[in-house]
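*Asks:* Pasting a structure below so you can have a look.
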Amino acid sequence: MSSMNVNETSNDDIEQWRREWMLPTDVTFLNHGSFGPSPYQVHRTRKAWMDKLERQPMDFLIRQFEGHLDGSLEQLAKFVGTKSHNLIWVDNATFAMNIVAASVKLEPGDEVLLTDHEYGAVQRIWRHVCDKTGAKLVTAKMPALLDSTDEMIDSLFAGVTEKTKLIVVSHVTSPTAVIFPVQEICRRAKKLGIRVCVDGPHALAMLPVNLSEIGCDYYCVSCHKWLSAPFGTGFLYVHSKWQNELVSPIVSWGKSLGGNPPSWKDEFQWMGTRDPSAFLTVPTAIEFLEEFGLDRFRDHGHALVQFTREELLKLSTNAPLTTDSPTWYSTMVSIPLPDSVQPTSKPGLLHPLQQKLWDDYKIEVLVTTFRDRVYLRVSAYIYNTQEQMEYLVNAVKTCVGAGG
Ligand SMILES: Cc1ncc(COP(=O)(O)O)c(C=O)c1O
Numbered sequence: 020m021s022s023m024n025v026n027e028t029s030n031d032d033i034e035q036w037r038r039e040w041m042l043p044t045d046v047t048f049l050n051h052g053s054f055g056p057s058p059y060q061v062h063r064t065r066k067a068w069m070d071k072l073e074r075q076p077m078d079f080l081i082r083q084f085e086g087h088l089d090g091s092l093e094q095l096a097k098f099v100g101t102k103s104h105n106l107i108w109v110d111n112a113t114f115a116m117n118i119v120a121a122s123v124k125l126e127p128g129d130e131v132l133l134t135d136h137e138y139g140a141v142q143r144i145w146r147h148v149c150d151k152t153g154a155k156l157v158t159a160k161m162p163a164l165l166d167s168t169d170e171m172i173d174s175l176f177a178g179v180t181e182k183t184k185l186i187v188v189s190h191v192t193s194p195t196a197v198i199f200p201v202q203e204i205c206r207r208a209k210k211l212g213i214r215v216c217v218d219g220p221h222a223l224a225m226l227p228v229n230l231s232e233i234g235c236d237y238y239c240v241s242c243h244k245w246l247s248a249p250f251g252t253g254f255l256y257v258h259s260k261w262q263n264e265l266v267s268p269i270v271s272w273g274k275s276l277g278g279n280p281p282s283w284k285d286e287f288q289w290m291g292t293r294d295p296s297a298f299l300t301v302p303t304a305i306e307f308l309e310e311f312g313l314d315r316f317r318d319h320g321h322a323l324v325q326f327t328r329e330e331l332l333k334l335s336t337n338a339p340l341t342t343d344s345p346t347w348y349s350t351m352v353s354i355p356l357p358d359s360v361q362p363t364s365k366p367g368l369l370h371p372l373q374q375k376l377w378d379d380y381k382i383e384v385l386v387t388t389f390r391d392r393v394y395l396r397v398s399a400y401i402y403n404t405q406e407q408m409e410y411l412v413n414a415v416k417t418c419v420g421a422g423g
């Protein structure tokens, strides 16, 4: 097996950083992309905020809450290249996407365009809205091999008609782990007067995200994936053009409880009493990654999944989804498995290979299906090592009967 192209001197140091996570040492956790656990530093900050809330909840929730929430949003806004005025805190990307779906006015005959790489729950949200409004859901099929940005964008825009009202596209796709050229998509959509909603939970931290440069209308995020912020943190970016038409799924006071001037965010800030400690901790997660080094985190993860991709592609002649380039994948990659590994016929259950990798090897990794082919989606984070990737490769080889 060839050796990974990672800076050797950084490995001892990585070992130190690994200790920041409470992951059990006998578990090989290669699915930060589904659920990204937080480092201890983030837990400690959250606990400190919870203590403040518990110590004097009246003071905290009535006098301090809005100022603290705005303060943490300011830091997040800097990290994603926009003004905090354009962002609201939500629990997760699903919540954010539901707000967009409730807010975009669709008439019978209008069209919503998705790619065929979108996350299942996102497809379901838009199917639901289209069924309710009489709009049509159109799915654009992307090229079998993604090696040209222009070709990818042309395939998407082949699905556009004069009825297209909205394009929904992932920044980094879920089943296929592909980076989509969202900035170019937004530029082209803008010329046609079509709004773009970017589904971005994997992109935050995995890629540099600059919302002013991307130029989308909406951007939906979970911070509990690659940013390693506490579970239950996400945000929604809304372009200033659409902020006043945003509809909240929850009706509460609809005004600042601290007496601040009215704002489009009023419906979203106070959704009844909640524990805000997770949102207030997001800046610590940003600082943690910045301390490690964002480029270093991305290079480390990319090198690990690139190695794994190269090794597992040797198991069959099945073609990869993209060319081997950081243009198309970053710290997560989906690798086609041999055809002997069949899609599961029991929806709702884990794929038998995923179950076996857990039962026999204590490996957490995603086995997923795309266009009737089974893929292994591997995520690599700061705490993952070359040895873990070799362990995975050997385990997969054994499981699919290719020796070990
Ligand atoms: C592309 C994509 N969109 C949306 C979601 C939903 O994220 P959450 O469960 O945090 O709301 C996911 C989750 O994996 C995803 O991969």
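Heads up, this note's numbering is the position in the sequence shown plus 19, with the first residue counted as 1.
Positions of the beta carbon are idealized from the N, C-alpha and C atoms, including for glycine.
Nothing here was measured: the structure is a model prediction, and the numbers come from that model.
(1) Got a sec: does ligand 3 put a non-hydrogen atom nearer than 6 Å to the Cβ of Y400?
(2) Is Y348 a contact residue of ligand 1, with contact defined as CB to any heavy atom under 6 Å?
(3) Below 7 Å CB to CB, which residues in the same chain sit around V386 once its five sequence neighbours on both sides are set aside?
(4) Taking one C-beta from the segment 202 to 220 and one from the segment 236 to 248 each time, how about it: are there three or more such pairs within less than 8 Å?
(5) Since I198 contacts Y348 with CB under 8 Å, what's their CB separation in whole angstroms?
(6) Within the present structure, is the beta-carbon of Y394 separated from the nearest heavy atom of ligand 1 by less than 6 Å?
(7) Looking only at DSSP bridge pairs, what is F48 linked to?
(8) Taking the beta strand (DSSP E) that F254 falls in, what are its first and last residues?
(9) Which of helix, strand or coil does DSSP assign to A434?
(10) Looking only at its chain, what residues have a beta carbon closer than 6 Å to the beta carbon of L246, apart from the 5 residues adjacent to it on each side?
(11) Can you tell me whether P249 is buried or exposed? The criterion is at least 16 other CB atoms within 10 Å of its CB, across all chains shown.
(12) Going straight from the alpha carbon of T158 to that of H104, what length do you get?
(13) Could you name the residues whose beta carbon sits closer than 5 Å to any heavy atom belonging to ligand 1, keeping them in chain order?
(14) Could you please give me the residues that DSSP links to Y59 through a beta bridge?
(15) Mapping the DSSP letters down to three states, classify E137 as helix, strand or coil.
(16) Note the first and the last residue of the continuous alpha helix (DSSP H) segment covering T327.
(17) Whose C-beta lies closer than 8 Å to the C-beta of T341 among residues of the same chain, with five residues either side of it excluded?
(18) By Cβ distance, which residues of its chain are closer than 6 Å to R328, with the 5 residues on each side in sequence left out?
(19) On the CB-based measure, 16 or more other CB atoms within 10 Å of its CB, does P280 come out buried or exposed?
(20) Measuring alpha carbon to alpha carbon, tell me which of K66, H319, P194 and G420 ends up nearest D391.
(21) Give, in chain order, every unbroken run of the alpha helix (DSSP H) that is at least 4 residues long and sits entirely within the segment 179 to 214.
(22) Give every residue of the same chain whose Cβ lies closer than 8 Å to the Cβ of P127, excluding the five residues on either side of it in the sequence, and list them in chain order.
(23) For R396, which beta-bridge partners are listed by DSSP?
(24) Which class does I107 belong to by DSSP, given the choice of helix, strand or coil?
(25) Do the segment 110 to 121 and the segment 84 to 100 touch if we need at least three Cβ pairs shorter than 8 Å?
(26) Give the range of the beta strand (DSSP E) segment to which V240 is assigned.
(27) Tell me whether V412 is buried or exposed, calling it buried when 16 or more other Cβ atoms sit within 10 Å of its Cβ.
(28) On the CB-based measure, 16 or more other CB atoms within 10 Å of its CB, does Y59 come out buried or exposed?
(29) Given this structure, state the Cα-to-Cα distance separating T363 from K375, to the nearest angstrom.
(30) If contact is defined by three or more beta carbon pairs under 8 Å, each pair taking one atom from either stretch, is the segment 128 to 137 in contact with the segment 177 to 189?
(31) Strictly by DSSP, which residues pair up with E130?
*Replies:* Concretely, from the data shown:
(1) Ligand 3 is not among the ligands present in this structure, which contains only ligand 1.
(2) For the purposes of this step, residue 348 is taken as residue 329 along the sequence shown, with counting starting at 1. It does not: the Cβ of Y348 is nowhere closer than 6 Å to a heavy atom of ligand 1.
(3) If you number the sequence shown from 1, residue 386 lands on position 367. H370, L372, Q373, V393 and L395.
(4) yes
(5) Position 179 of the sequence shown, counted from the first residue, corresponds to residue 198. Position 329 of the sequence shown, counted from the first residue, corresponds to residue 348. Confirmed, Cβ separation roughly 6 Å.
(6) By one-based count along the sequence shown, residue 394 stands at place 375. No, since every heavy atom of ligand 1 falls outside the 6 Å radius drawn around the Cβ of Y394.
(7) Position 29 of the sequence shown, counted from the start, is the residue given in the question as residue 48. E383.
(8) Here residue 254 refers to the residue found at position 235 of the sequence shown. It spans G253 to V257 - the beta strand (DSSP E) in which F254 sits, taken as one unbroken run.
(9) With the chain covering 20 to 423 only, the question about residue 434 has no answer from this structure.
(10) By 1-based counting over the sequence shown, the position of residue 246 is 227. For L246, where only same-chain residues beyond five positions count, the Cβ hits under 6 Å are L223, A224 and A304.
(11) On the sequence shown, position 230 is the one that residue 249 refers to. Buried is the call here.
(12) Within the sequence shown, residue 158 is the residue found at index 139, counting from 1. Within the sequence shown, residue 104 is the residue found at index 85, counting from 1. C-alpha separation (whole angstroms): 33 Å.
(13) N111, A112, T113, Y138, S189, S193, D218, P220 and S241
(14) The residue you call residue 59 lines up with position 40 of the sequence shown. BP columns for Y59 are empty, so no partner.
(15) Locating residue 137 in the sequence shown gives position 118, counting from the first residue. E137: coil per DSSP, three-state reduction.
(16) Within the sequence shown, numbered from 1, the residue matching residue 327 stands at position 308. That run of the alpha helix (DSSP H) goes L313 to L332.
(17) Start at 1 with the first residue of the sequence shown, and residue 341 comes out as number 322. Taken in chain order, the residues that qualify are L164, L165, D166, V197, W347 and Y348.
(18) By 1-based counting over the sequence shown, the position of residue 328 is 309. Correct list, in chain order: V352 and I354.
(19) Here the question's residue 280 lines up with position 261 in the sequence shown. Per the 10 Å Cβ criterion, exposed.
(20) Along the sequence shown, read from residue 1 onward, the residue named residue 391 stands at position 372. Nearest of K66, H319, P194 and G420 to D391, Cα basis: P194.
(21) 201 to 210
(22) What you label residue 127 is simply residue 108 of the sequence shown in a count that begins at 1. The answer, listed in chain order, is T152, G153 and A154.
(23) Against the sequence shown, residue 396 aligns to sequence position 377. Note: R396 sits in a beta bridge opposite S353 and L385.
(24) Mapped onto the sequence shown, residue 107 falls at position 88. Of the three classes helix, strand and coil, the one that applies to I107 here is strand, per DSSP.
(25) no
(26) For the purposes of this step, residue 240 is taken as residue 221 along the sequence shown, with counting starting at 1. Here the beta strand (DSSP E) through V240 covers Y237 to S241.
(27) As a first step, residue 412 is located in the sequence shown; it is residue number 393 there, counting from the start. Answer is buried; the Cβ neighbour count reaches 16.
(28) As a position in the sequence shown, residue 59 is number 40, starting the count at 1. Under this definition Y59 is an exposed residue.
(29) Stepping through the sequence shown from its first residue, residue 363 is reached at position 344. Stepping through the sequence shown from its first residue, residue 375 is reached at position 356. So the two alpha carbons sit approximately 13 Å from each other.
(30) yes
(31) Within the sequence shown, numbered from 1, the residue matching residue 130 stands at position 111. K155 and T183, per the DSSP bridge assignment.
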